[in-house]
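Report on the following structure.
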Amino acid sequence: MSSPCNRNHIRKYCWLINRSGKRDGWLPIDKGQEQNIKDIKVTYHSLGPGATWGYLHKVSPCIPTLRALQRHMEDEFKTVTRGSRHGTPAKDADVSKLTEQYVKSGIHEYQAGRHLKAKNQAEDYLTMGVIDLERQGTIDSWWDSRSYPRSTVELWGDGSNALSNS
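Numbering-wise (this note's numbering), the sequence shown opens with residue 69 and increments by one.
Quick look at the structure:
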């Protein structure tokens, strides 16, 4: 049987974690770990699902700093923040808030006599971008950096009997 001192230590230090440092920032260890995994694989990934263990080892210590920076920037610029907790979606409230922001910005207001500069037609950036992808060889370069020979050898048991698929 464990002593009250051990039980109190486990209750106080082992079941919950607090990554934010805020008084109400405590959450269960398994939920915190799931959030860490999401941050590593989704929120702060740069190599996608092809990330190596070496890369994950390198980037994982940076995630608390990246998370703090993200929250700081969201607070400074008063942007719509990412949710740090799950909740019931409120699409009506979200659409209302977005509509309010558009109206407040005045970006969609009609201004009589306003014309596009130089010509009366907007640039076709989509077509220009596709042409640049072809001319500059961007797609070929992208493919060359991702295409490599793959082994067709399968090892069974202790590795002494290799079978080839080719």
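Ideal placement from N, C-alpha and C gives every residue a C-beta, glycine not left out. Predicted, not measured: the structure shown is a model, and the values here were computed from it.
Mind checking residue i: buried by the 16 CB within 10 Å criterion, or exposed?
i	result
Asp160	exposed
Asp208	exposed
Arg182	exposed
Arg135	buried
Tyr178	exposed
Which residues bound the alpha helix (DSSP H) around residue i?
i	result
Glu177	Segment: none, Glu177 is in no alpha helix (DSSP H) and carries neither H nor E.
Val198	Tyr193 to Arg203
Gly181	No alpha helix (DSSP H) holds Gly181; DSSP gives it neither H nor E.
Pro132	Ile131 to Phe145
Asp107	From DSSP, Asp107 is part of no alpha helix (DSSP H); its letter is neither H nor E.
Identify the continuous beta strand (DSSP E) that holds residue i and give its terminal residues.
i	result
Ile85	Leu84 to Asn86
For a quick check, are the C-beta atoms of residue i and residue j less than 8 angstroms apart?
i	j	result
Gly100	Arg87	yes
Ile97	Ile85	yes
His113	Ala119	yes
Taking only three categories from DSSP, how would you classify residue i?
i	result
Pro217	coil
Pro96	strand
Ser232	With a pLDDT of only 45 at Ser232, under 50, the local geometry of the prediction cannot be trusted, and no value is derived from it.
Lys80	helix
Against chain B, with Cβ distances strictly below 8 angstroms, would residue i count as a contact?
i	result
Tyr216	In the structure shown, chain B cannot be found, because there is only a single protein chain.
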